[in-house]
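Comments concern the structure below.
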Amino acid sequence: MIKVIFPDGAESSFEEGATFFDVLKGHDREILKRSVAVRVDGVLRDLRSTLKGDSAVRVDPVTSDSKEGLEILRHSASHVMAQAVRSLYGNVKLAIGPAIEDGFYYDFDTEKPFTPEDLEKIEGRMREIVKADYRFEGEVLSKKDALDLFAGMGEKYKEEIISELTDTTVSVYKQADFTDLCRGPHVPSTGYVKAFKLTGTAGAYWRGSEKNKMLQRVYGTAFPTKEALQVHLDRLEEAKKRDHRKLGKELDLFSTSEEIGSGLVLWHPNGSTVRMLIEEFWKKEHVKGDYSIIYTPHIAQVGLWKTSGHWDFYRENLFSPMDVEGQEYIVKPMNCPFHIQIYKSHLRSYRDLPVRYAELGTVYRYERSGVLHGLLRVRGFTQDDAHIFMTPSQLEGEIKGVLKFTLYILKSFGFNEFDIYLSTRPEKYVGDLENWEKAEAALKGALESSGLGYTIDPGEGVFYGPKIDIKIKDVIGRSWQCSTIQVDFNLPERFDVTYRDENGAESRPIMIHRALMGSLERFFGCLVEHYAGAFPTWFAPVQAVILTVTDRNNEYAGSVYRRLREEGFRVELDKRNEKLGFKIREAQMRKIPYQLVIGDSEEKEGKLAPRKRGGETLDPMPVDEFVELLRGEDKPAS
RNA sequence: GCCGGCGUAGCUCAGGGGCAGAGCAACUGAUUCGUAAUCAGUAGGUCGGGGGUUCAAUUCCCCCCGCCGGCUCCA
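Under our numbering, think of the first position of the first sequence as 67, with each following residue one higher.
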């Protein structure tokens, strides 16, 4: 007999050879219903596998609503999909089919790419397979037997995977006549994959390398219940509604033009107003934060970037040089060399440090056409850039200061949840190891003494130094990479940046590169999606629109309009000969925070009747009172 | 850059080898109206661009451009 200990502390005994089905059945039938696998002394196993060995084991059910369980479910769904594809299309080779963040995919090597109709066909066949409820049966083979098996099936990708495994045995799973290489575990049978949907196709390189063959990937998702699947699909719908590209058009915020070129953004008056307000706020806060605001040119001699190292590291992303009287110039891909030149325009003393230069610097990078995406990935964008030059002993304190400043700015725009990452030295790097270690330690120290939780992203640092990235969470839970704080020992070296230390000796300062919003384009796109276009009053392009009920009210409405304008508010006056309902609808669709209704009764009493964007109507109030109300909202969140 | 899809009026979209369609927006007129669409009329197009097949191409084929979903990349 083997003693089984459950997570709640309960214990029972079973014969060796009992399946985990039997084990759970005796413990809790409800949990068994939701279980897709078990953890046995910490190791994931199939429900169908059996108890053996030790005198006592701990058994934790893995339910489909847990993170692990969901992964198992989705992984099984990918096998169901592979089975469907295999049965529908003859000459298909299987590559890999893992569970991912929001679902699963499977890569196939096919003669013809899948069409949307194929997707429906595959989904239909998957439903048949689910209905047939085939058992997932695991089997362990020797490496050689497995190689023979998959070689016999012509599965060259599986062969490649197996031959690179170091284990002496490999496991395979079968359902009906379909066999796949798989570590497992799986749900007990295909019937468990009740709620799934195929979501798209894509080309994907074998093993993620451009040098390899492009395979056909099919994406799908699966959930424990139809309801959970629907919630997920609704969330995708919601994200679609918030898409900044769609809202950008609807709210007349920005556009791009085929005649101008890809990835180059035109900021329309509405979008420009938001940007202007962001920039004004940004500048004011940077002055308060002891930064000097500077401006630098858009083109410069290519030598600057040869010195910086970017010419070697990022040449394929730089726009081609232009010839200016025999000198090669490029349009700038970053601002740092300019800031360094300003620093170097004087001899600096340790007493001058830290020196903080901030610039809303517009840069241009040649992004490959396939990667462009709305405002989030463009070829011309404005960084809210700054470079801080400091002594080594100032480093940690400066990083702390930047962290605090960053969170303050982000919170001002209504973002309150963050994921913080510390990216360490990548494979391709410059500089010596000692400096890298110092820099990583300084970043870590600043995070820890600021009491901020973070995740380490190994090898994701920039070639010249480690960095902290802050991702903001939007209102529907998506992450956006905006802020970055990078330590750099390299550029000061390359540009021979110096200061005189306490002993009058020439010393090397350290630089921090940092951007809080990243780029204004990206940050704006994020704001659009976070607020679904309904911007807070303080940076809404139009804060209020006055709506007259009839022509009789035009004169009074005009005086209210002038008053609000004089107070500095962004107000419009809609005195078109239209019904009130029509004007409200239009203002509502433009997501203007306040609609101010003025009819005969308001006019008589010198009032206005505010209606909020959400539909709430306020009692008519004197104009002065509304001025106070609006003034109260016309400022950042924190 | 690569794989796939798409590109028709300002916007959203229908159509399809034989005269180019709707709704909204625009414009004109009527209506003076109280919290999400008043009515009528008018105008609007190189069907992304170039080439080819055809008596005839917006429709079929090829190339290019742009956009979308991914892959790869992202200082």
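For every residue, glycine included, the Cβ atom is placed at its ideal position computed from N, Cα and C.
Where residue i falls, given that 16 or more other Cβ within 10 Å makes a residue buried
i: Y361; result: exposed
i: A675; result: buried
i: A505; result: buried
i: N401; result: buried
i: M655; result: exposed
i: V390; result: exposed
i: E694; result: exposed
i: Q393; result: exposed
i: V353; result: exposed
i: M67; result: exposed
i: T448; result: buried
i: V206; result: exposed
i: P686; result: buried
i: G570; result: exposed
i: E464; result: buried
i: H145; result: buried
Alpha carbon of residue i to alpha carbon of residue j, nearest angstrom
i: K277; j: K209; result: 28 Å
i: P73; j: L139; result: 22 Å
i: D107; j: E82; result: 16 Å
i: L426; j: S132; result: 45 Å
i: R414; j: L302; result: 54 Å
i: Q149; j: G266; result: 17 Å
i: R308; j: K315; result: 12 Å
i: K349; j: P403; result: 21 Å
i: P251; j: K159; result: 22 Å
i: Y768; j: D690; result: Nothing in the structure corresponds to residue 768, since the chain is present only between 67 and 704.
i: M192; j: Y285; result: 14 Å
i: K645; j: E324; result: 39 Å
i: D112; j: I97; result: 15 Å
i: F385; j: S101; result: 55 Å
i: Y171; j: R283; result: 7 Å
i: H93; j: T116; result: 16 Å
i: V109; j: W502; result: 38 Å
i: G680; j: E167; result: 34 Å
i: S237; j: H141; result: 15 Å
i: D705; j: R445; result: With the chain covering only 67 through 704, there is no way to say anything about residue 705.
i: D617; j: D640; result: 11 Å
i: D233; j: P164; result: 20 Å
i: D175; j: G329; result: 33 Å
Beta-carbon contacts of residue i that lie in its chain and below 8 Å, excluding the five residues immediately before and after
i: I408; result: I360, T362 and Y423
i: L684; result: A675, P676, R677 and K678
i: S515; result: E462 and K466
i: A703; result: K477, S478, F479, G480 and P602
i: P532; result: L488, S489, T490, R491, W502, A505, E506, L509, Q552 and V553
i: E345; result: L426 and L586
Where the alpha helix (DSSP H) through residue i begins and ends
i: T603; result: Here T603 belongs to no alpha helix (DSSP H), and DSSP marks it neither H nor E.
i: I228; result: K222 to E230
i: A76; result: Where A76 is concerned, there is no enclosing alpha helix (DSSP H), given that its DSSP letter is neither H nor E.
i: A623; result: N620 to E632
i: V693; result: V689 to E699
i: K410; result: C402 to K410
i: Q654; result: L646 to M655
Residues of its chain near residue i, where Cβ-Cβ distance is below 6 Å and the 5 sequence neighbours each way are ignored
i: M388; result: Y395
i: V608; result: R636, E638 and I658
i: K118; result: E82
i: A598; result: R308
i: E134; result: V128
i: A217; result: E225
i: A122; result: K69
Own chain residues within Cβ distance below 7 Å of residue i, not counting five before or after
i: K494; result: F529
i: G440; result: H310, R311 and G591
i: W333; result: F320 and R341
i: L419; result: F455, M456, T457, Q460, Y565 and P575
Endpoints, the beta strand (DSSP E) within which residue i is located
i: E276; result: E276 -> no beta strand (DSSP E), and no H or E assigned at all.
i: D88; result: Where D88 is concerned, there is no enclosing beta strand (DSSP E), although the alpha helix (DSSP H) it sits in stretches over F86 to H93.
i: D205; result: Checking the displayed sequence, the identity of residue 205 turns out to be Glu instead of Asp. First-last of the beta strand (DSSP E) with E205: E203 to S208.
i: M456; result: G446 to M456
i: D666; result: From DSSP, D666 is part of no beta strand (DSSP E) but of the alpha helix (DSSP H) over D666 to E671.
i: H579; result: I576 to S585
- Item | Inside the stretch 478 to 563 only - alpha helix (DSSP H) runs reaching at least 4 residues | The stretch 478 to 563 contains, as complete alpha helix (DSSP H) runs of 4+ residues, the segments 499 to 515 and 556 to 560 (chain order).
- Item | Every unbroken beta strand (DSSP E) inside the stretch 256 to 307 [3 residues or more] | 261 to 271 and 280 to 289
- Runs of beta strand (DSSP E) wholly within the stretch 154 to 184 (minimum 3 residues, chain order): 169 to 175
- Item | Every unbroken alpha helix (DSSP H) within the stretch 311 to 396, with a cutoff of 4 residues, ordered by chain | The qualifying runs are 335 to 354, 369 to 374 and 376 to 379.
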